[in-house]
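Everything on this sheet refers to the single structure shown next.
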Amino acid sequence: MSARKAADPAAAEWTGPWRRYDIVKEGVVAIVVVAVLTLLLAMLFGSPDDKALTFKGWASSAKDDFYATTVSELAGTSDSAGYGPPYNNASDGLYVGPLRPQKWFGVTHPVDPATDFVITPLQSQEQPAAVAAALKTWLAASADQQTKWATALDDAIAKANGDLSKVGSGDFGPVPTLAQGLTNMAASGALDGVLLSQGKFYQTDYTKQILFLGDGSYLDDAATAAHLQGNTWGMMNETGSYPGQAWLWLYSFWYQLPKFNSSNPNDYLTNNADAVIFYIMAILSIGLLLLPFIPIIRSIPRWIPIHRLIWRDYYRSQRT
Amino acid sequence: MPWTSVPIASVVNLDHPAHYLTWGWLSISVPNLLVILLMIAVFVLAVLLPFPKDRDGS
Amino acid sequence: MTATLPATGAPETPEGGPESRMWTARLRRAWVSKLPPDKLLPDRQPAYVASWIYVFGVLTIAAFLVVLASGLVLAFTGPAWYHTSSLGHFTNSTHFWSVQLFFVFMVIHLWGKFWMAAWRGRRWLTWLTGGLCFLASLATAFTGYLIQTNFDSQWISFEAKDGLNAVGIGAFFNVANLGQTLLIHACLLPLVVGVITVWHVLLVRRRGVVPPMEAVPPHGAVPVAVPAAVATSGEPTVTSEESGS
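Protein chains in written order, with our numbering: chain A, 665 to 984; chain B, 211 to 268; chain C, 63 to 307.
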């Protein structure tokens, strides 16, 4: 049995004065207004559509970078090679405390960069004799030998700061020929087609292309030029001078904090920023949904009485 | 399809890099800033502008 | 004698009558008692609903309909049409700007509802479904950006994969799989947004527009009882109605 209860006036059925309201007319007018506004904006400003990058474009305009990226794929030092789940087991992925869902869900989209990005595409086409011979040598070698050759060249390129003309000599095995072969294949446009089809007729999965493209500087530099990098509020931005996604301001905000942008390669927050920030946003989103139950926050409208302006006619009528 | 070649070019060309306003770690594109300022202005106007009285005068 | 349709809050048809236990009758009675026609399609509203801030909900819905219409054209013609066709580019532009308007109106609507503390008087679920609509719209827009088949979508899929992989979502939802993302964007998520929107609007119709703060019902009102421990206004109430109006 309940004790005497206080009434909640805000829940009561309204028995005060009414005003006319044509809900259907309101809806129709709104649709017409928005449709006209949309057509006007579309005619005035158009929409963004920057052309997609291609491997042909990459190998043609930044061939040294493409070559160096190919070597890093063979050496297993690229971002893709060391990513971890869902692509491979090279690392455990990100974590927050005991939460390691990236590791728990495992490899669901297997990607082996050396094979998928370099060897298989080269094998899919008839290659010049030198490249064909290099492929043969590579495939006949042990995994350790392959790694040794590729790492040696990868290190040499890093030492030369990416300038291929300054790369010293060393035991690189067939790797230089393979990398050059793939660069030529990409520059001809053939690599785009081969990576797209991946030996199948129908295909909608672009994972390998996106990963390979992102391993080099070509995609990254284009994003920087378009102000799309995460730590320069890029998540909010659009290409060109179009409005972007201003509604993502809070998600983008965390990526600006120095705590998530440390230059220390072992910094936990920087290395796990994607996970940490996602959980922060998940908690804040749940907070938004449950705002009516959160003390202090739910009282702000009472303390800052903008409602007095909205309902000024009502309050005035109550005073008279 | 013949109608797909109708030239419907936009009046204002926005296909060039945007200008950015930067204060320290804050950086916002001019188009985004315009949208946000417009939203605030519309909100303020919506709250302040008088709403038509009921036709019956009630 | 056949039982007549009960008026709002009227007692059920007599026990033992053939209609009383039928699923259809029960559904109809529940629907009509909660949302009678004059509540569902009203021609009047409380006099305090007199501010331009109140139009942003319907503007958001209107924008959503324009988004759907332009999206249907793009769906019919496929994701790459707009790159090579002027009409396609124009259709893409209408889709782009209607989405911008959609979020502008939705956020202004949210601002208005916050400053009105519109969750008062058992309307916490209305607020919650509105928030869900916002989140579902974010997901829909996100998948839309992924299927542009241009540079922007290349970059967004490259970046977004990291956030989603980090929390395990990437194991199931591959932002680089155009087929998956296209179907989620064009089929699944608009349905989710639509259903939540309908739920949200029906709740508004059912509960009525939130009254002004400190508004006290005039004579003749039947207040709804809530536990004494819960302070009035600004707090959600979850008890069931004790009587109809």
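Positions of the beta carbon are idealized from the N, C-alpha and C atoms, including for glycine.
What you are looking at is a predicted structure, and each value in this text was computed from that prediction instead of being measured.
How close, in whole Å, do the beta carbons of residue i and residue j come, if the pair is a contact with beta carbons under 8 angstroms?
i	j	result
A:Thr871	C:Asn239	7 angstroms
A:Leu786	A:Gly845	6 angstroms
C:Ala124	A:Val940	C:Ala124 to A:Val940, Cβ: 38 angstroms. No contact.
C:Trp177	A:Pro956	So it is not a contact: roughly 14 angstroms between Cβ atoms.
A:Asp879	A:Ser742	4 angstroms
A:Gly619	A:Ala816	In the structure as shown, chain A begins at 665 and stops at 984. Residue 619 of chain A is therefore absent and cannot be evaluated.
A:Val782	A:Thr734	6 angstroms
A:Pro712	C:Asp214	7 angstroms
C:Ala109	A:Pro681	4 angstroms
For residue i, would you say it is in contact with chain A, using Cβ-to-Cβ distances shorter than 9 angstroms as the test?
i	result
B:Ala251	no
C:Trp85	no
C:Val286	With a pLDDT of 49 at C:Val286, under the threshold of 50, the modelled position of that residue is not reliable, and the figure given next carries that caveat. So yes, C:Val286 belongs to the interface.
C:Arg269	yes
C:Leu149	no
C:Leu130	no
C:Trp143	no
C:Phe158	yes
Under the rule that 16 or more other beta-carbon atoms within 10 Å means buried, what is residue i, buried or exposed?
i	result
A:Val839	buried
B:Thr232	exposed
A:Arg683	buried
A:Tyr866	exposed
A:Ala861	What sits at residue 861 of chain A in the sequence shown is Ser, not Ala. Label assigned to A:Ser861: exposed.
C:Val120	buried
A:Leu875	buried
C:His157	buried
B:Pro227	exposed
A:Pro673	buried
C:Gly282	Interpretation of C:Gly282 is limited by its pLDDT of 33, a score under 50 that renders its predicted location unreliable; no figure is taken from the coordinates.
A:Glu790	exposed
Would residue i count as contacting chain C if we go by Cβ distances under 9 angstroms?
i	result
B:Leu243	no
B:Ser237	no
B:Val257	yes
A:Gly683	The residue asked about is misnamed: residue 683 of chain A is Arg in this sequence, not Gly. For A:Arg683, the answer is yes, since a Cβ of chain C falls inside 9 angstroms of its Cβ.
B:Leu248	yes
B:Asp225	no
A:Phe836	no
A:Gln862	no
A:Trp678	yes
Do we get a CB-CB distance below 9 angstroms when we pair residue i with the residues of chain B?
i	result
C:Gly282	Per-residue confidence for C:Gly282 stands at a pLDDT of 33, beneath the threshold of 50, marking its modelled position as unreliable; no derived number is given.
A:Met899	no
C:Ile123	no
C:Ser215	no
A:Ser905	yes
C:Ser82	no
C:Ile115	yes
A:Leu846	no
A:Leu973	yes
A:Ile970	yes
C:Ser155	yes
A:Glu690	no
A:Arg962	no
A:Ala910	yes
C:Gln210	no
A:Tyr751	no
A:Ala706	yes
C:Phe118	yes
A:Asp977	yes
Using DSSP bridges, identify the partner residues of residue i.
i	result
B:Thr232	B:Ser237
A:Asp869	C:Asn239
C:Arg106	A:Arg684
A:Leu763	A:Val760
When you measure from the CB of residue i to every non-hydrogen atom of the ligand ATP, does any distance come out below 8 angstroms?
i	result
C:Ala180	The model depicted lacks the ligand ATP and carries no ligand whatsoever.
The stretch 166–199 of chain C: positions lying closer than 7 angstroms to chain A by Cβ: Val169, Phe176, Trp177, Met178, Ala179, Trp181, Arg182, Gly183, Arg184, Trp186, Trp189, Leu190, Gly193, Leu194 and Leu197
Between the stretch 932–953 of chain A and chain B, which residues of the former have a C-beta closer than 7 angstroms to a C-beta of the latter? none
Under 8 angstroms (Cβ pairs) to chain B, residues found in the stretch 882–898 of chain A: Ala889, Ala890, His891, Thr896 and Trp897
Proximal residues, the stretch 709–725 of chain A versus chain C, C-beta separation under 8 angstroms: Phe709, Gly710, Ser711, Pro712, Asp713, Asp714, Lys715, Ala716 and Leu717
Within 9 angstroms of chain B by C-beta, residues of the stretch 914–926 of chain A in sequence order: Gln920, Leu921 and Pro922
Pull out every residue of the stretch 95–116 of chain C whose Cβ sits closer than 8 angstroms to any Cβ of chain A, in chain order. Leu103, Pro104, Asp105, Arg106, Gln107, Pro108, Ala109, Tyr110, Val111, Ala112, Ser113 and Ile115
Closer than 7 angstroms between beta carbons: that is the criterion. Which residues of the stretch 214–244 of chain C meet it against chain A? Asp214, Gln216, Trp217, Ser219, Phe220, Glu221, Asp224, Gly225, Asn227, Ala228, Val229, Gly230, Gly232, Ala233, Asn236, Ala238, Asn239, Leu240 and Gly241
Residues in the stretch 782–797 of chain A with C-beta within 8 angstroms of chain C's C-beta atoms, listed in sequence order? none
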